[in-house]
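Visitor: Quick one: the structure is below, questions incoming.
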Amino acid sequence: MTMKELIACCGLNCELCEARIATVTNDDEMRKKVAETWGKMYNSAEILPESINCTGCRMPGVKFAYCEYTCEIKKCVKTKGFGSCAECPEIDGCQIVGVIFKAVPGTRENIQQLMN
């Protein structure tokens, strides 16, 4: 697996994601921690430790439910038939992925890696 494969559709680095780390290391304590943290962060008590399973946005395998079914970026990428936002000619003016670019340093640069 390459670094590029672990870059999500939006440019987030799945290699650094605690849900992915908990999944690949099969760490139930980390799953509990992530569920608690994300529950507080997203104001949702419905995130259960057993739901913290993900191999990465663009990797084969299990996905965290939000990332697979709710994420507006992933929905857009799938609808357009792309592998990531890097393939979209509208990326520079996109308000959907632009939120991620503004909130998480390095995501725009990660997307640029996918363009090469």
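All the letters of the sequence shown, read from the start, carry residue numbers 3 to 118 under our numbering. Yeah, the Cβ is synthetic: ideal placement off N, Cα and C, and Gly gets one too.
When burial is assigned at 16 or more other CB atoms within 10 Å of the CB, is V36 buried or exposed?
Guide: For the purposes of this step, residue 36 is taken as residue 34 along the sequence shown, with counting starting at 1. V36 is buried by the Cβ-count criterion.
Visitor: How about G13 and F103: are their beta carbons less than 8 Å apart?
Guide: Start at 1 with the first residue of the sequence shown, and residue 13 comes out as number 11. Start at 1 with the first residue of the sequence shown, and residue 103 comes out as number 101. Against a cut-off of 8 Å, the Cβ pair of F103 and G13 comes out as a contact.
Visitor: Check whether the Cβ atoms of A67 and S53 sit closer than 8 Å, and answer yes or no.
Guide: Counting from 1 along the sequence shown, the entry for residue 67 is found at position 65. Counting from 1 along the sequence shown, the entry for residue 53 is found at position 51. In this structure, S53 lies closer than 8 Å to A67 by Cβ.
Visitor: I9 bridges to which residues according to DSSP?
Guide: Your numbering for residue 9 matches position 7 in the sequence shown. According to DSSP, I9 bridges with N15.
Visitor: Taking only three categories from DSSP, how would you classify D94?
Guide: Taking the first residue of the sequence shown as position 1, residue 94 is located at position 92. In the structure shown, D94 sits in a helix (DSSP, three-state: H, G or I).
Visitor: Mind checking K42: buried by the 16 CB within 10 Å criterion, or exposed?
Guide: What you label residue 42 is simply residue 40 of the sequence shown in a count that begins at 1. Its Cβ having fewer than 16 others within 10 Å, K42 is exposed.
Visitor: Comparing C-alpha positions only, which one of T109, K80, T81 sits nearest to D94?
Guide: By 1-based counting over the sequence shown, the position of residue 94 is 92. Checking every option, the nearest Cα to that of D94 belongs to T109.
Visitor: Just verifying my parser: in three-state terms, what is the DSSP assignment at C78?
Guide: Working through the sequence shown from its first residue, we reach residue 78 at position 76. It is helical.
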